[in-house]
Amino acid sequence: MGAGRRPSGRCLHTGGIVMKVSYREALKMALREALSNDPRVFLMGEDVGRYGGCYAVSKGLIDEFGEERIRDTPLSESGFVGAGIGAALGGMRPIVEVMTVNFSLLCLDQIVNTAATLRHMSGGQFSVPLVVRMTTGAGRQLAAQHSHSLENYYAHVPGIRVVAPATLEDARGMLATALENPDPVIMFEHNALYNMEGELDETAGAVDIDRAAIRRSGEQVSLITFGGNLQKTLAAAEQLSTEGISAEVVDLRTLRPLDDDTIMASVRKTHRAVIISEEWRSGSLAAEVGMRIAEQAFYDLDAPLARVCSAE
272 MGAGRRPSGR CLHTGGIVMK VSYREALKMA LREALSNDPR VFLMGEDVGR
322 YGGCYAVSKG LIDEFGEERI RDTPLSESGF VGAGIGAALG GMRPIVEVMT
372 VNFSLLCLDQ IVNTAATLRH MSGGQFSVPL VVRMTTGAGR QLAAQHSHSL
422 ENYYAHVPGI RVVAPATLED ARGMLATALE NPDPVIMFEH NALYNMEGEL
472 DETAGAVDID RAAIRRSGEQ VSLITFGGNL QKTLAAAEQL STEGISAEVV
522 DLRTLRPLDD DTIMASVRKT HRAVIISEEW RSGSLAAEVG MRIAEQAFYD
572 LDAPLARVCS AE
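Position in the sequence shown (first residue = 1) + 271 = our numbering.
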């Protein structure tokens, strides 16, 4: 898709005009809208400008908005995330792209010890309205140092909000809501989703970043997941249906804070739960969700909790 052009493939449905877009294009639409609507918004990160981003999400935006708004940075995650924090403190609305979650370990100090804590250390006098986008998960030809799933690292930290858009609507809409948040938001984009295509309403806009979503209704087991595992979990639920098992699929969407109400309502309905996460098993979000179910809905369970995670 060229700079300034809408995605191709517009068609008219009874629900209105929809566009055939990829997850990547939905993210670009969100970036373009944010940059167009608010002069305080800018994007910075490694290769986000002339190269168009490692995953081509920002391709063409530098031609539309210029080098002041689309800023290429040195290969120093700690440096440019720190610069983003400073800009946020100064009244800007920075969007910082970290190429992969693996490299975010180099700026973990900036996020945990500065961005997440300044509001509390200042007695509420300062806020850090910063959005950090980072790619997560295993993918093609990315090797060990580009393929981790460390969402649990950030979901562990008070003072930040963590989201994981798994659908085109959330890829399009979560960024706008995150930019209105007065505190830091970490946005995880699974690399296996960038090429995912589907239909998106032309008027799609901001969505909430507070609640989980039921992506498939079921009666016999709750399959709880997020991000890049949603489509696989939906496929598994479809396979289970051919075997006579009715599975409900819960998309967490927001990993911090977790939406306990939606999770527990599903478990109390189905009386069984399996948590699916690409993270390593030990200390994973799957472990956290499972423990919350044990604490809040233990007597509603008809079978032991289970989880599906990556091998360690």
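Heads up, the beta-carbon is just placed ideally off N, CA and C, and yes, glycines get one too. Because the structure is a prediction, the values reported are computed rather than measured.
DSSP assignment within the segment 401-466 yields the following whole beta strand (DSSP E) runs of 3 residues or more, N-terminal first: 402-407, 432-434 and 456-461. In the DSSP assignment, the residues bridged to VAL312 are ARG364. Contact check for SER488 against GLU519 passes: the beta carbons are separated by less than 8 Å. In this structure, the CA atom of THR474 is about 18 Å from the CA atom of PRO436.
Proximity of the segment 369-377 to the segment 419-427 meets the contact definition, three or more beta-carbon pairs being nearer than 8 Å. The beta carbons of GLY561 and LEU572 sit no closer together than 8 Å. In the same chain as GLN416, and ignoring 5 residues on each side of it, the C-beta atoms closer than 6 Å to its own belong to ASN373, in chain order. In this structure, the alpha-carbon of LEU505 lies about 21 Å from that of ASP531.
According to the DSSP assignment, ILE546 belongs to no alpha helix (DSSP H) but to the beta strand (DSSP E) extending over 544-551.
Contact holds between the segment 343-358 and the segment 316-327, because three or more Cβ pairs, one in each stretch, are under 8 Å apart.
Around SER349, the same chain offers LEU377, CYS378, ASP380 and GLN381 as residues with beta carbons nearer than 8 Å, after the five sequence neighbours per side are excluded.
Excluding its 5 nearest sequence neighbours in each direction, THR533 has C-beta neighbours in its own chain below 8 Å: ARG482, ALA483, ALA484, ILE485 and VAL521, listed in chain order. DSSP places ILE333 in the uninterrupted alpha helix (DSSP H) bounded by 332-336. Judged by beta-carbon spacing, THR407 lies beyond the 8 Å limit of GLY469, meaning their Cβ atoms are not closer than that value.
Out of ALA297, SER293 and ILE288, the CA that lies nearest to the CA of ALA477 is found in ALA297. In the structure shown, the three-state DSSP call for ALA483 is coil.
Separation of the CB atoms of ALA305 and ALA447 is rounded to 6 Å, and the pair is thereby assigned contact status at 8 Å.
For LEU494, the beta-bridge partners assigned by DSSP are VAL520 and VAL545.
Within the DSSP bridge table, the entry for ALA577 names VAL545 as partners.
Straight-line spacing of the CA atoms in PHE397 and ASP454 works out to 10 Å.
The shortest CA-to-CA distance from SER553 to any of ALA582, VAL433, ARG527 and LEU529 is the one to ALA582.
For HIS542, same chain residues with a beta-carbon under 7 Å away, outside a window of 5 residues either side, are ASP571, LEU572 and ASP573 in chain order. Looking from the CA of SER493, the closest CA among ILE431, GLU549 and VAL579 belongs to VAL579.
According to DSSP, ASP531 shares a beta bridge with no other residue. Note: ARG342 is bridge-paired with MET315 in the DSSP secondary-structure output. When the five nearest sequence neighbours on each side are left out, the beta carbons in the same chain lying within less than 8 Å of the beta carbon of LEU501 are those of ALA437, THR438, ARG486, VAL520 and ASP522, in order along the chain. Looking only at GLY323, VAL289, SER555 and PRO429, the smallest Cα-Cα distance to ILE457 is reached by PRO429. Secondary structure note for GLN567: its alpha helix (DSSP H) is the uninterrupted segment 556-568. Of the residues assessed, PRO400 falls on the buried side of the cut-off, its CB having 16 or more other CB atoms within 10 angstroms.
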